[in-house]
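This report refers to the structure that appears directly beneath it.
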Amino acid sequence: MIRSLIAIAALSCSMPVLAKTLTVEAGADAQERLQEALILAEPGDVVELGAGRFDLTDGLSLDVDRVTVRGQGMDKSVLNFAGQLGAGEGLLVTSDDVVLRDFAIEDSKGDGIKSKGADRIVYHALRVEWTGGPKATNGAYGIYPVEASDILVQDSVVRGASDAGIYVGQSKNIIVRRNTAIENVAGIEIENSFDAEVTENLVTGNTGGILVFDLPNLPQMGGHNVLVARNAIIANNTDNFAPEGNIVASVPAGTGVMIMANRNVHVKDNAIINNGTSNIMVVAYTQKFDDPNYQPTARDVFVEGNVYGRAGFAPDFPGGQQLAAAFGGSLPSIMYDGLGENLIVNDKVSGVNLGLTEVGQGPENANPAPLGDMPGTVSALDPITLPASMEAALK
Amino acid sequence: MRLFAAALALCAAGFAVSAASTDQRVADAVITGEGFPRTLAEYGFFQDASGWQPSDGVVPYKLNTPLFTDYADKYRFIYVPPGQKVETDGEGLLRFPVGSALIKSFGYEIAGEPHLIETRVLLHRADGWLALPYVWNAEQTEAKLKVAGKRLPVTFTDPSGTERTISYAVPNKNQCKECHSLSDAVTPIGPKARNLDDGMQLERLTQLGLIAERPEIKKPLPVWDGPQSASLEDRARGYLDANCAHCHNRKGSASNSGMFLTWEEDNPVHVGVGKRPTAAGRGSGGMEFAIAPGQPDQSFMIYRLKSLDPGIAMPEVGRSTVHDEGVELLSAWIAEME
Chain A
1 MIRSLIAIAA LSCSMPVLAK TLTVEAGADA QERLQEALIL AEPGDVVELG
51 AGRFDLTDGL SLDVDRVTVR GQGMDKSVLN FAGQLGAGEG LLVTSDDVVL
101 RDFAIEDSKG DGIKSKGADR IVYHALRVEW TGGPKATNGA YGIYPVEASD
151 ILVQDSVVRG ASDAGIYVGQ SKNIIVRRNT AIENVAGIEI ENSFDAEVTE
201 NLVTGNTGGI LVFDLPNLPQ MGGHNVLVAR NAIIANNTDN FAPEGNIVAS
251 VPAGTGVMIM ANRNVHVKDN AIINNGTSNI MVVAYTQKFD DPNYQPTARD
301 VFVEGNVYGR AGFAPDFPGG QQLAAAFGGS LPSIMYDGLG ENLIVNDKVS
351 GVNLGLTEVG QGPENANPAP LGDMPGTVSA LDPITLPASM EAALK
Chain B
1001 MRLFAAALAL CAAGFAVSAA STDQRVADAV ITGEGFPRTL AEYGFFQDAS
1051 GWQPSDGVVP YKLNTPLFTD YADKYRFIYV PPGQKVETDG EGLLRFPVGS
1101 ALIKSFGYEI AGEPHLIETR VLLHRADGWL ALPYVWNAEQ TEAKLKVAGK
1151 RLPVTFTDPS GTERTISYAV PNKNQCKECH SLSDAVTPIG PKARNLDDGM
1201 QLERLTQLGL IAERPEIKKP LPVWDGPQSA SLEDRARGYL DANCAHCHNR
1251 KGSASNSGMF LTWEEDNPVH VGVGKRPTAA GRGSGGMEFA IAPGQPDQSF
1301 MIYRLKSLDP GIAMPEVGRS TVHDEGVELL SAWIAEME
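Each protein sequence line maps, in turn, to chains A and B.
Every letter in the first sequence is one number past the one before it in our numbering, and letter 393, counting from 1, is 393.
When you read off a place in the second sequence, starting at 1, and then add 1000, the result is the number in our numbering.
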């Protein structure tokens, strides 16, 4: 009897403390109350946001593993940063196994939500919005995971980012699905990343819909293995409102999908409709760079099973109008710079090969010709599998 | 004002060296214990309630080139538990034994009197470093923990004689870590041997028995605002190292930017020369490069240092006003680049 009591006592001592819920309501001193909850939370805890508008004066941050931050819905619990005085983003997450769900971030001065080095992060049913619509004064990225493994961004809405609505940078093993990206410069951007799936998103009213890029002089380069499938990429014709100097400032308005300096990118079963410059663009990085480890061309790009609407009716690059005239008034769906390797197109769709001969040339150097038939076969990309704990955390 | 602060620090230093044993002892168990002590007094770092007289073993130190924090005067102290010593690692960061603490008070001269705003402590516990901010009350009798940080209106006169009113931001615990982190672990950033080497200080710390052995320093970090001490380039690089490199290094909070501003960095692109924005957003200010040689007005490094807009300003944490003299130094350096 005594022995079993001791055993029970020992057991209860060694058991982890039960997870608790820290509820934070909107109202006065929201900044201090919410930030304190995010600091004092322990692994396993939930920080629950009440309904209403939280007026915040500074960026928020979370640095505790296994914490869930949950609101009452993306239109009910609103973190408002219009009065933000400091920090580069609305919410910064730097810990692992974090779930962010069911709340909104509005009008942050810099990025909306950034997670850096935060592995196995889940972004679910969030809204990140600059409520004045597209403006150069809006923050850069809406949802911004960077330098991490295992990232899930789903069922979220992002509007007004002056760079990319959903931007995944220098990461591995990524799923971006069922989101709506509207009126950003780039709707969704996968940059310097490995093994990503971008599926079933609605991407409309942006300058460019879905971008798959690789840039030089960064710690992780050599972006590859990206599936862009079953997305609706429609009428991304908003004038580019990104601050000059940023790579997305060079994206022409009217771009559906743009693949730049990446390898093994599959564009499958999407509806790509009414993008005024091009429905799919496959190009090299054109700016000068000094980095011997950087590969600037697009390689092993595979296009199949897509539905195409109009394209190329308002080409937004130097010489675009003339080029369109040569093609009978509008450019075809696919634009290829001619510098890559192994582009395969199995769709019955027309395209233009710009016939560039050197990396760094722009369309003004084009020697254009119809793309012609470029059929071929490739093996499918391995499906992305995320750790079961990530899906389980949503249940 | 700065002279005054320096004199004060010197006095404090003299005191620590010459003082006989006092009653006030540092509470080692509080440094290494669990949890977050609610008041600064619990540690016993200071003999007086107002945080000016360091206790036995709490030793003031200064840096050749400090981090700019809104023109605040800073008072820095090292504490190492009895019988232990700090190891050196070449010219870099000192290695403190578990049980050590770094203490830094921030204040302004207000109405002719030095006035403390906050005291930050870095505690070396068995499971790593912990950073905590303590905010002083108006009476200057007690500093209380504010894990979530705090904003305080402050009016002071800057070194040029101009009065400035700012919303001073005491960082929250996470923001402490944003700067104080390497590979996601909290770490000290200031006390690097090369930044402590003013020709006397390392000797003093060694004589006090704090440092095991005085390290050989080939090239001390220059005094950023001492034109006679080093070349313009060295002073600019020293300023970048002290003000930016704790995030802008390969293991820091800004590792993804590809901008590495450490003293040791020798790739010009990583220092910013001809470096295009990565994730700068509005921070690019419509410019192509962080540093455009010869053109400070076309260099977004300068643009970001001159801005107070949270979506643009660098550093992201710890600056609510522009460091005009720092901007001037870096602009002069960029202007003379070819």
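Backbone N, C-alpha and C fix where the C-beta goes; we use that ideal spot for every residue, glycine too.
All values derive from a computational prediction rather than experimental measurement.
Exercise. Might you give, ordered along the chain, the residues of its own chain that have their beta carbon closer than 6 Å to the beta carbon of G1067(B), omitting 5 neighbours on each side?
Key: Locating residue 1067(B) in the second sequence gives position 67, counting from the first residue. The sequence shown places Leu at residue 1067(B), not Gly. Cβ within range, chain order: A1242 and N1243.
Practice problem: Would you tell me roughly how many angstroms separate the C-alpha atoms of A1012(B) and N1064(B), rounded to the nearest one? | Solution: Residue numbering aside, residue 1012(B) sits at position 12 when the second sequence is read from its first letter. Residue numbering aside, residue 1064(B) sits at position 64 when the second sequence is read from its first letter. Reliability of the predicted coordinates at A1012(B) is poor, the pLDDT of 43 falling under 50, and no value is obtained from them.
Exercise. Check the Cβ of I39(A) against every Cβ in chain B and list those closer than 8 Å, keeping chain order.
Key: For the purposes of this step, residue 39(A) is taken as the residue at position 39 of the first sequence. Result: V1147, A1148, N1172, K1173 and N1174.
Quiz prompt | Residues that DSSP places opposite H1124(B) in a beta bridge | solution = For this step, residue 1124(B) is matched to residue 124 along the second sequence. Note: H1124(B) sits in a beta bridge opposite W1129(B).
Practice problem: Please work out which residues of its chain come closer than 8 Å, Cβ to Cβ, to L1232(B), disregarding the five sequence neighbours upstream and downstream, and give them in chain order. | Solution: If you number the second sequence from 1, residue 1232(B) lands on position 232. Closer than 8 Å at the Cβ level, and outside the excluded window around L1232(B), lie L1329, A1332, W1333 and E1336.
Quiz item: So is V128(A) buried or exposed if we call it buried at 16+ other beta carbons inside 10 Å?
Solution: Residue numbering aside, residue 128(A) sits at position 128 when the first sequence is read from its first letter. So V128(A) ends up on the buried side.
Quiz item: For the region 140–174 of chain A, which residues have a CB atom closer than 8 Å to at least one CB atom of chain B, in sequence order?
Solution: A140, Y141, Y144, V146, E147, S162, D163, Y167, G169 and Q170
Quiz item: Would DSSP call H1270(B) helix, strand or coil?
Solution: Translated into the one-based positions of the second sequence, residue 1270(B) becomes position 270. Looking at H1270(B) - three-state DSSP - the assignment turns out to be helix.
Quiz item: Out of curiosity, what's the CA-to-CA distance linking V1059(B) and F1045(B)?
Solution: Indexing the second sequence from 1 puts residue 1059(B) at position 59. Indexing the second sequence from 1 puts residue 1045(B) at position 45. Pairing V1059(B) with F1045(B), the inter-Cα distance amounts to about 10 Å.
Practice problem: Closer than 8 Å by beta-carbon distance: list the chain A residues that pair up with F1106(B), in chain order. | Solution: Taking the first residue of the second sequence as position 1, residue 1106(B) is located at position 106. Those do not exist, as F1106(B) stays about 16 Å from chain A at its closest Cβ, beyond 8 Å.
Self-check item: DSSP-derived helix/strand/coil call for Y285(A)
Solution: Start at 1 with the first residue of the first sequence, and residue 285(A) comes out as number 285. In this structure, Y285(A) counts as coil in the three-state DSSP scheme.
Exercise. Return yes when the Cβ of G1272(B) is within less than 8 Å of the Cβ of D290(A), no when it is not.
Key: Working through the first sequence from its first residue, we reach residue 290(A) at position 290. Working through the second sequence from its first residue, we reach residue 1272(B) at position 272. Cβ atoms of D290(A) and G1272(B): not closer than 8 Å.
Practice problem: For G305(A), I'd like the list of residues in its chain whose CB is within less than 6 Å of its CB, leaving aside the five on either flank, ordered along the chain. | Solution: Stepping through the first sequence from its first residue, residue 305(A) is reached at position 305. The answer, listed in chain order, is K268 and D269.
Practice problem: Using DSSP bridges, identify the partner residues of I1217(B). | Solution: For this step, residue 1217(B) is matched to residue 217 along the second sequence. I1217(B) pairs with nothing; no bridge assigned.
Quiz prompt | According to DSSP, residues forming a beta bridge with H124(A) | solution = Counting from one through the first sequence, the residue named residue 124(A) turns up at place 124. Answer is R101(A) and Q154(A), bridged to H124(A).
Quiz item: Per DSSP, L22(A) is paired with what?
Solution: What you label residue 22(A) is simply residue 22 of the first sequence in a count that begins at 1. The secondary-structure analysis by DSSP pairs L22(A) across a beta bridge with V47(A).
Quiz item: Should F1036(B) go down as buried or exposed, given a rule of 16 or more other Cβ atoms within 10 Å for buried?
Solution: In the second sequence, residue 1036(B) corresponds to position 36, counting from 1. When all chains shown are included, F1036(B) counts as exposed.
Quiz item: Counting contacts by CB-CB distance shorter than 8 Å, is L85(A) in contact with chain B?
Solution: Along the first sequence, read from residue 1 onward, the residue named residue 85(A) stands at position 85. Yes, contact with chain B.
Quiz item: Helix, strand or coil: how does DSSP classify W1136(B) here?
Solution: The residue you call residue 1136(B) lines up with position 136 of the second sequence. Residue state, collapsed to three classes: strand.
Quiz prompt | Distance, Q321(A) Cα to G1285(B) Cα | solution = Numbered from 1 along the second sequence, position 285 holds the residue referred to as residue 1285(B). Numbered from 1 along the first sequence, position 321 holds the residue referred to as residue 321(A). Each residue's alpha carbon lies about 30 Å from the other.
Quiz item: Using DSSP with H/G/I as helix, E/B as strand and the rest coil, what is S333(A)?
Solution: Numbered from its first residue, the first sequence carries residue 333(A) at position 333. Note: S333(A) maps to coil in three-state DSSP.
Self-check item: Straight-line Cα distance separating L100(A) from A1279(B)
Solution: Translated into positions along the second sequence, residue 1279(B) becomes position 279. Translated into positions along the first sequence, residue 100(A) becomes position 100. Whole-angstrom Cα-Cα distance: 22 Å.
Quiz prompt | Own chain, CB closer than 6 Å to D300(A), minus 5 neighbours either side, in chain order | solution = Within the first sequence, numbered from 1, the residue matching residue 300(A) stands at position 300. Within the same chain, D300(A) has close Cβ partners R263, N264 and N342.
Quiz item: Which same chain residues, not among the five before or five after R1095(B), have their C-beta less than 6 Å away from its C-beta?
Solution: For the purposes of this step, residue 1095(B) is taken as residue 95 along the second sequence, with counting starting at 1. Answer for R1095(B): E1087 and D1089, listed in chain order.
Quiz item: In chain A, which residues lie with their C-beta within 7 Å of the C-beta of S1307(B)?
Solution: As a first step, residue 1307(B) is located in the second sequence; it is residue number 307 there, counting from the start. Within 7 Å Cβ-Cβ: nothing; S1307(B) doesn't reach chain A, min ~11 Å.
Exercise. Kindly list, in the order they appear in chain B, the residues whose Cβ is closer than 7 Å to that of K109(A).
Key: On the first sequence, residue 109(A) is found 109 positions in, with the first residue counted as 1. The contacting residues are D1309, P1310 and G1311.
Quiz item: Starting from R1304(B) and walking both ways along the alpha helix (DSSP H), at which residues does that stretch end?
Solution: What you label residue 1304(B) is simply residue 304 of the second sequence in a count that begins at 1. Run containing R1304(B): F1300 to K1306, per the alpha helix (DSSP H) assignment.
Quiz item: Taking DSSP as the reference, what is the three-state secondary structure of V1147(B)?
Solution: Your numbering for residue 1147(B) matches position 147 in the second sequence. Looking at V1147(B) - three-state DSSP - the assignment turns out to be coil, as it is neither helix nor strand.
Quiz item: With DSSP run on the structure shown, which of helix, strand or coil describes R159(A)?
Solution: To locate residue 159(A), count along the first sequence from 1; it is residue 159. Strand at R159(A).
Quiz item: Going along chain E in order, which residues have a C-beta closer than 9 Å to the C-beta of F1300(B)?
Solution: Considering every chain present, this structure includes no chain E. Its protein chains are A and B.
Self-check item: Amino acids of chain B, ordered along the chain, whose beta-carbon sits closer than 8 Å to that of P398(A)
Solution: Outside the displayed span of chain A (1 to 395) sits residue 398(A), for which this structure offers no information.
Quiz prompt | Spatial neighbours of N1195(B) in its chain, beta-carbon cut-off 6 Å, leaving aside the 5 residues before and after | solution = Against the second sequence, residue 1195(B) aligns to sequence position 195. Spatial neighbours of N1195(B) in its own chain (CB-CB distance under 6 Å, excluding positions within 5 residues in sequence) are listed in chain order as L1063, N1064 and L1221.
Quiz item: How many whole angstroms separate the CB atoms of T131(A) and E106(A), which I take to be in contact at a CB cut-off of 8 Å?
Solution: For the purposes of this step, residue 131(A) is taken as the residue at position 131 of the first sequence. For the purposes of this step, residue 106(A) is taken as the residue at position 106 of the first sequence. About 6 Å; that satisfies the 8 Å criterion.
Quiz item: List, in order along the chain, the chain A residues whose C-beta lies closer than 8 Å to that of G1112(B)?
Solution: Counting from 1 along the second sequence, the entry for residue 1112(B) is found at position 112. Correct list: empty, because the minimum Cβ distance to chain A is about 29 Å.
Quiz item: For D1070(B), which residues in chain A fall below 7 Å Cβ to Cβ?
Solution: The sequence position of residue 1070(B) within the second sequence is 70, counting from 1. At a beta-carbon threshold of 7 Å, none of the residues of chain A lie near D1070(B); the nearest stands roughly 11 Å away.
Practice problem: Please decide whether V1269(B) counts as near chain A, where near means a Cβ-Cβ distance under 8 Å. | Solution: As a position in the second sequence, residue 1269(B) is number 269, starting the count at 1. At least one chain A Cβ lies under 8 Å of V1269(B).
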